[in-house]
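Below: one structure, written as structure tokens.
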Amino acid sequence: MEEIDFKSLSDEELLEQMGDDLYDGLSDEVVKATEEAISRGMSPHRILQEGLVAGMEIVGEDFRDGVLFVPEVMMAAKAMKAAMELLRPLLTQTNAPKVGTMVIGTVKGDIHDIGKNLVAMMMEGAGFNVVNLGINTPAEKFLAAVEEHKADILGMSAMLTTTMPYMQVVIEQLKTSGLRDKVIVMVGGAPLNEDFAVEIGADAYARDAGVAVEKAKALILERKAANA
Ligand code: B1M
2 MEEIDFKSLS
12 DEELLEQMGD
22 DLYDGLSDEV
32 VKATEEAISR
42 GMSPHRILQE
52 GLVAGMEIVG
62 EDFRDGVLFV
72 PEVMMAAKAM
82 KAAMELLRPL
92 LTQTNAPKVG
102 TMVIGTVKGD
112 IHDIGKNLVA
122 MMMEGAGFNV
132 VNLGINTPAE
142 KFLAAVEEHK
152 ADILGMSAML
162 TTTMPYMQVV
172 IEQLKTSGLR
182 DKVIVMVGGA
192 PLNEDFAVEI
202 GADAYARDAG
212 VAVEKAKALI
222 LERKAANA
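Take the sequence shown: its position 63, counting from 1, is numbered 64 in my numbering, and each next residue is one higher.
Written as structure tokens, this is what we have:
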């Protein structure tokens, strides 16, 4: 395969190439394109949205339509994660004062973690102390972490229609253990929406990482004002 000189591409072409290489699961190329984009001073948000997430969206469509299968999607995910490691320092560096603590995890039965990790990084960048519990997280682990870290926010992510109901199981267990009123519950993930969040008794739904940060900050302020 002919090697592409990323330096010779315009910003738009570079981002498009990054998305194409992500689709093809070419980790090294995606990393090189991300390095080039960073060295040009492109914002991490633009690199994510117009390069990586754009590529992953096409992966998702072709996965749904049976054009791509699990092994190819895993390669694309690996490439995305490698690029996210380069963006991590840019997304998490902050001079913002500490706002609060968030415990976050992907719910039991679900191993998708790219979006959840993005939320975690952006929350860190906004001044939150983030405790990331990883994937396939059972209710007991969420509850123990909320108690141990005196979390202000519990964030749950689910990417499957079959795992989203587990969020309600966690909320019910928070209630029975007396923790529900002590923590703000935020939920997110591609198959969720606002109505679902209300239905299961969560405090907030965020459609993406940027909205998650905005809502988290607003809810913390609200709670501080109410307790003042
Ligand atoms: Co999966 N998968 N997958 N997959 N996968 C989806 C979710 C799917 C929609 C694909 C499709 O059919 N189009 C589909 C779900 C269908 C459904 O339930 N309705 C699906 C399926 C079916 C499956 C398997 C069942 C496939 C199989 O085995 N036959 C299997 C399930 C495994 C399991 O979890 N038990 C499976 C496996 C996998 C891989 C392992 C191959 C891989 C995951 C790798 C990884 O995460 N480490 C994978 C991937 C990559 C995807 C797609 C293609 C991409 C997901 C992604 O990373 N997007 C996905 C298609 C899609 O979503 N369109 C798909 C990029 C990421 C930045 O966006 O995750 O949406 P997203 O996160 C966003 C927001 O959702 C939001 O903010 C994020 C950043 O802006 N957000 C939150 C997320 N969590 C939040 C929490 C918050 C707030 C906001 O507050 C706490």
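Cβ coordinates follow ideal geometry from the N, Cα and C atoms, glycine included.
Residue i - partner residues in DSSP beta bridges
i, result
"residue 133", "105"
"residue 138", "108"
Extent of the continuous alpha helix (DSSP H) to which residue i belongs
i, result
"residue 28", "28-40"
"residue 59", "55-65"
"residue 208", "Premise fails: residue 208 is in no alpha helix (DSSP H) and is neither H nor E."
"residue 52", "Run containing residue 52: none; DSSP gives neither H nor E here."
"residue 165", "Unbroken run through residue 165: none, as it is neither H nor E."
"residue 119", "115-126"
"residue 77", "71-93"
"residue 6", "Looking at the DSSP string, residue 6 is not in any alpha helix (DSSP H), and its letter there is neither H nor E."
"residue 242", "Residue 242 lies beyond the stretch modelled for the chain, which goes from 2 to 229, so this question has no answer here."
"residue 196", "195-201"
Span of the beta strand (DSSP E) around residue i
i, result
"residue 154", "154-158"
"residue 189", "185-189"
Classification of residue i by the beta-carbon crowding that lies within 10 angstroms, buried from 16 upward
i, result
"residue 223", "exposed"
"residue 158", "buried"
"residue 199", "exposed"
"residue 70", "exposed"
"residue 225", "exposed"
"residue 195", "exposed"
"residue 112", "exposed"
"residue 153", "buried"
"residue 162", "exposed"
"residue 51", "buried"
Span separating the alpha-carbon of residue i from that of residue j
i, j, result
"residue 228", "residue 183", "11 Å"
"residue 114", "residue 193", "15 Å"
"residue 155", "residue 105", "6 Å"
"residue 220", "residue 7", "42 Å"
"residue 55", "residue 36", "18 Å"
"residue 84", "residue 150", "30 Å"
"residue 215", "residue 3", "43 Å"
"residue 97", "residue 127", "6 Å"
"residue 212", "residue 188", "11 Å"
"residue 25", "residue 180", "45 Å"
"residue 185", "residue 11", "44 Å"
"residue 95", "residue 53", "23 Å"
"residue 41", "residue 32", "14 Å"
"residue 137", "residue 160", "11 Å"
"residue 148", "residue 176", "13 Å"
"residue 208", "residue 5", "35 Å"
"residue 22", "residue 30", "6 Å"
"residue 102", "residue 143", "13 Å"
"residue 123", "residue 146", "20 Å"
Residue i CB to nearest heavy atom of the ligand COA below 8 Å
i, result
"residue 58", "Here the bound small molecules are the ligand B1M; the ligand COA is not part of this structure."
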